[in-house]
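Student:
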Amino acid sequence: MHRSMFRLRLLTLWCACLAGAGCGSNEEGSHTKPGGDAATKPGNTSESDPTMAAEVSIQKEPYGKMPDGRPITQYLLRNEKGMSVAVIDYGAIVTEVNVPDKSKSAVNVTLGFDDLEGWLQSAPYFGATVGRFANRIAGAKFSLGGQEYTLAANNGPNHLHGGLKGFDKVVWTAEEIPATNDEVGVSLRYTSPDGEEGYPGALSVEVKYILTIDNEFRCEYYATTDKPTVVNITNHCYWNLAGAGTGQILDHELTLFCARYLPVDATAIPLGERAPVADTPMDFTTPHTIGERIAEVEGGYDHCYVVDRESGQLRPAARVKDPKSGRVMVITTNQPGIQFYSGNFLDGSESNAGFTKHQGFCLETQVFPDSPNQPSFPTSVLEPGQVYRHVTVHKFTAE
Numbered sequence: 076m077h078r079s080m081f082r083l084r085l086l087t088l089w090c091a092c093l094a095g096a097g098c099g100s101n102e103e104g105s106h107t108k109p110g111g112d113a114a115t116k117p118g119n120t121s122e123s124d125p126t127m128a129a130e131v132s133i134q135k136e137p138y139g140k141m142p143d144g145r146p147i148t149q150y151l152l153r154n155e156k157g158m159s160v161a162v163i164d165y166g167a168i169v170t171e172v173n174v175p176d177k178s179k180s181a182v183n184v185t186l187g188f189d190d191l192e193g194w195l196q197s198a199p200y201f202g203a204t205v206g207r208f209a210n211r212i213a214g215a216k217f218s219l220g221g222q223e224y225t226l227a228a229n230n231g232p233n234h235l236h237g238g239l240k241g242f243d244k245v246v247w248t249a250e251e252i253p254a255t256n257d258e259v260g261v262s263l264r265y266t267s268p269d270g271e272e273g274y275p276g277a278l279s280v281e282v283k284y285i286l287t288i289d290n291e292f293r294c295e296y297y298a299t300t301d302k303p304t305v306v307n308i309t310n311h312c313y314w315n316l317a318g319a320g321t322g323q324i325l326d327h328e329l330t331l332f333c334a335r336y337l338p339v340d341a342t343a344i345p346l347g348e349r350a351p352v353a354d355t356p357m358d359f360t361t362p363h364t365i366g367e368r369i370a371e372v373e374g375g376y377d378h379c380y381v382v383d384r385e386s387g388q389l390r391p392a393a394r395v396k397d398p399k400s401g402r403v404m405v406i407t408t409n410q411p412g413i414q415f416y417s418g419n420f421l422d423g424s425e426s427n428a429g430f431t432k433h434q435g436f437c438l439e440t441q442v443f444p445d446s447p448n449q450p451s452f453p454t455s456v457l458e459p460g461q462v463y464r465h466v467t468v469h470k471f472t473a474e
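Mind the numbering: the sequence shown is residues 76 to 474 in this note's numbering, read in order.
Here's what the structure looks like:
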């Protein structure tokens with residue numbers, strides 16, 4: 076569905092809710108959960124109080140076809156506070172995140188394309204689920220259990236975001252997570268076969284994208300393997316809290332709850348040091364605009380920060396505010412690192428959906444880059460019998 080059509084559909088639903096008509100949909104494959112009642116089934120009308128607006132709902136609709144004819148579906152998650160998230164089963168891609176500002180006006184705050192054809196040629200990983208290993212692996216090689224594995228060198232001499240055909244370029248199996256009073260979501264599954272892109276082990280992956288009534292967008296990643304392997308999965312949304320396409324993000328105010336970061340070499344591979352950010356342009360422990368000191372960072376920001384406090388538990392990693400709209404995004408995660416990227420390579424081309432340099436930023440929660448080759452880093456190794464679990468929450472408010 077074209078983005079303008081998506082927004083029209085959401086506007087129609089919200090108007091119906093406000094008018095007291097209820098937000099149940101009769102479209103095939105949709106579910107709506109009015110507060111406290113059973114989900115409205117396709118083709119049925121809710122028997123609940125018609126003045127009661129649905130708190131959360133989910134719809135699905137066609138989003139085009141793959142070159143081999145496989146249909147792609149878009150899942151539309153929304154809540155009664157005006158926030159919505161759209162996800163497709165190609166690449167487990169987040170196509171839109173619409174968030175209200177301080178005047179309750181919602182716009183899309185993540186960069187992307189208007190249709191499936193755009194995503195099929197996507198170079199910058201807009202909104203995608205990336206893996207089996209997000210970020211870079213030096214020399215496109217790593218050793219595990221005494222055996223060396225060779226991967227695709229798709230970023231200079233290094234391996235990036237899972238290789239030539241990573242998780243962002245496959246069709247996932249999607250299933251609606253039925254709405255409750257508080258949240259609704261979609262579960263996407265993919266099994267990466269042993270040897271795919273050079274990685275060992277058959278890896279079974281589940282990604283859950285969940286929208287809550289409190290304007291939280293939660294990303295949950297789970298994986299199991301039948302052989303020792305390495306795993307590092309994340310989402311690659313490019314954010315612009317003023318609205319996608321409204322201009323650069325250099326005036327966004329960023330706080331990173333990170334006293335240390337990972338210095339890198341000329342090919343963006345960490346040097347192994349956890350360096351203090353104090354008294355450097357890398358310091359966002361107090362709020363600074365993204366553009367305030369970016370000229371002092373060669374090439375712009377594209378660095379992994381070490382999130383304060385012990386990993387494995389949810390704790391704050393970042394806070395971003397757009398001063399014009401008042402939109403605020405707070406990110407909490409159980410991961411050890413967060414990659415801050417300031418959109419340095421967006422070039423305005425068709426493959427970049429026309430977006431130009433610094434029109435979006437990324438905050439990717441993850442294990443440290445090149446961790447398979449750096450024993451001092453938190454491990455990315457997953458053994459048979461273990462479960463990889465990565466949780467990140469994006470909480471949106473306006474002030």
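Just so you know, even glycine gets a beta-carbon here, dropped at the ideal spot from N, CA and C.
These figures come from a predicted structure and were not determined experimentally.
(1) Using the beta-carbon count (16 or more within 10 Å), is GLY374 buried or exposed?
(2) Under 8 Å between the Cβ atoms of ASP176 and GLY139?
(3) Residue range of the alpha helix (DSSP H) that GLU192 falls in?
(4) Helix, strand or coil for PHE242, going by three-state DSSP, please let me know.
(5) Taking 8 Å as the cut-off, decide whether the C-beta atoms of THR170 and GLY187 are in contact.
(6) Rounded to whole angstroms, what is the Cα-Cα separation between ILE133 and ILE163?
(7) State the DSSP-derived secondary structure class of PRO125, mapped to helix, strand or coil.
(8) For HIS267 and LEU278, what's the separation of their Cα atoms in angstroms?
(9) Can you give me the C-alpha to C-alpha distance between LYS302 and GLY322, rounded to a whole angstrom?
(10) Runs of 3 residues minimum, wholly inside the segment 312-357: which ones carry the beta strand (DSSP E) assignment?
(11) Apart from the five residues on each side of it in sequence, which residues of its chain come closer than 7 Å, Cβ to Cβ, to ALA209?
(12) Would you check if the segment 245-256 and the segment 401-410 touch, i.e. whether three or more CB-CB distances between them fall below 8 Å?
(13) Do the segment 244-251 and the segment 293-300 meet, that is, are 3 or more Cβ pairs less than 8 Å apart?
(14) Excluding five sequence neighbours on each side, which residues of the same chain lie with their C-beta closer than 7 Å to the C-beta of ARG211?
(15) In the DSSP assignment, find the beta strand (DSSP E) that holds ARG394 and state where it starts and stops.
(16) Which word fits LEU421, buried or exposed, when buried means at least 16 other C-beta atoms lie within 10 angstroms of its C-beta?
(17) Please state whether DSSP places PRO477 in a helix, a strand or coil.
(18) Would you list the one or two residues that DSSP bridges to MET404?
Tutor: Based on what the coordinates show:
(1) exposed
(2) no
(3) 191-195
(4) helix
(5) yes
(6) 13 Å
(7) With a pLDDT of only 30 at PRO125, under the threshold of 50, the placement of this residue in the model should not be trusted, and no figure is reported.
(8) Sequence check: residue 267 is Ser here, not His. The straight-line gap from Cα to Cα measures roughly 5 Å.
(9) 46 Å
(10) 328-331
(11) HIS236, ASN307, ILE308, THR309, GLU439, GLN441
(12) no
(13) no
(14) ASN230, ASN233, HIS234, LEU235, ALA343, ILE344, PRO444, ASP445
(15) 390-396
(16) buried
(17) The structure shown does not extend to residue 477, since the chain spans only 76 to 474, so no value can be given for it.
(18) VAL395, PHE471
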